[in-house]
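Some notes on the structure that comes next.
Residue numbers (the working numbering): 22 to 261.
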């Protein structure tokens, strides 16, 4: 199972990506990471309009966390570019789409445009140079995630499967972070982190906690399958 990997850009493309650019914004309670896929269901009229506009242009919009009562993100909010890879339009006008995470960005300011959805000027960024973790930490992260991933599949009653993980620490850290089932605020901090080393170390600290919670949930799940007795259900004897 391949989780995904961020694309590598030429120096010229990387330079262009660092320039401020206009981007439609979709505030959500989920966090998208570079190189990771995310399925979305589009049903609100304003975001159906946004999807139609994106498909007619470069198929890109930005995902940010919700910030205020209106859902509009504030300046300084960190998000991730989403590229529409799959679009399934339903008969009633709703759509099921799959997006792939691209570059991270900082929202500079919202633009005043006569559109029903937010549009912003954003500045993309990558991890700071010379922040690679030790090879031992990268190996530890890979091992801890494989344990977590196996537990997650067991809890969901799915067949064991080993994911295809990247060798590069930066890419691996995004793959792992995007696959975790945890508080969105935690994932948002991992997204905003600009040091690969610190992100890897944070994941190394987080994964054992999540795995322990999974193990407890698996035990409850198994007891539920055995009538809560830790064994087979007793035979019920009725009078003749």
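Yeah, the Cβ is synthetic: ideal placement off N, Cα and C, and Gly gets one too.
The model shown is predicted, which means the values in this text are computed figures rather than measured ones.
Following the DSSP letters along the chain, one finds residue 171 inside the alpha helix (DSSP H) bounded by residues 156–176.
Contiguous alpha helix (DSSP H) elements confined to the region 44–91 occur at 66–77, taking only those with 4 or more residues. Short of 7 Å from the beta carbon of residue 104, and not among the five residues preceding or following it, lie these beta carbons of its own chain, in chain order: 80, 81, 120, 121 and 123.
Residue state for residue 206 is assigned as helix, using DSSP reduced to three classes. Nearest to residue 186 by C-alpha distance, out of 179, 178, 177 and 196, is 196. Separation of the CB atoms of residue 101 and residue 166 is rounded to 20 Å, and the pair is thereby denied contact status at 8 Å.
Closest in C-alpha terms to residue 223, from the list 94, 48 and 194, comes 194. For residue 194, the three-state secondary structure derived from DSSP is helix. Sixteen is the threshold: since fewer than 16 other Cβ atoms of the shown chains lie within 10 Å of the Cβ of residue 113, the residue is exposed. Judged by DSSP in its simplified three-state form, residue 211 adopts helix. Taking all protein chains in view, the Cβ of residue 141 is crowded by 16 or more other Cβ atoms within 10 Å, so the residue is classified as buried. Just measuring C-alpha positions, the residue of 125, 236, 78 and 143 sitting nearest residue 149 is 125.
The Cβ atoms of residue 143 and residue 42 sit closer than 9 Å to each other. In terms of CA proximity to residue 52, 202 leads the group 221, 231 and 202. Counting along the chain, residue 103 sits inside the beta strand (DSSP E) bounded by residues 99–110. Closest by C-alpha distance to residue 156, out of 86, 59, 117 and 188, is 188. In this chain, the beta strand (DSSP E) harbouring residue 131 covers 116–131. Residue 127 is positioned such that its CB atom lies no closer than 9 Å to that of residue 172. The shortest CA-to-CA distance from residue 111 to any of 133, 219 and 69 is the one to 69. In this structure residue 135 does not touch residue 72 by the C-beta definition: roughly 18 Å separates them, more than the 8 Å allowed.
Excluding five sequence positions before and after residue 59, the CB atoms of its chain that fall closer than 6 Å to its own CB belong to 53 and 120, given in chain order.
If you look at residue 141, you'll find it in the beta strand (DSSP E) that goes 140–146.
The straight-line gap separating the alpha-carbon atoms of residue 210 and residue 240 is approximately 30 Å. CA-CA distance, residue 244 to residue 213, rounds to 39 Å. Its chain contains 232 as the residues whose beta carbon lies nearer than 7 Å to that of residue 168, once the 5 sequence neighbours on both sides are disregarded; these appear in chain order. Approximately 22 Å separates the beta-carbon atoms of residue 208 and residue 153; this is outside 8 Å, ruling out the contact.
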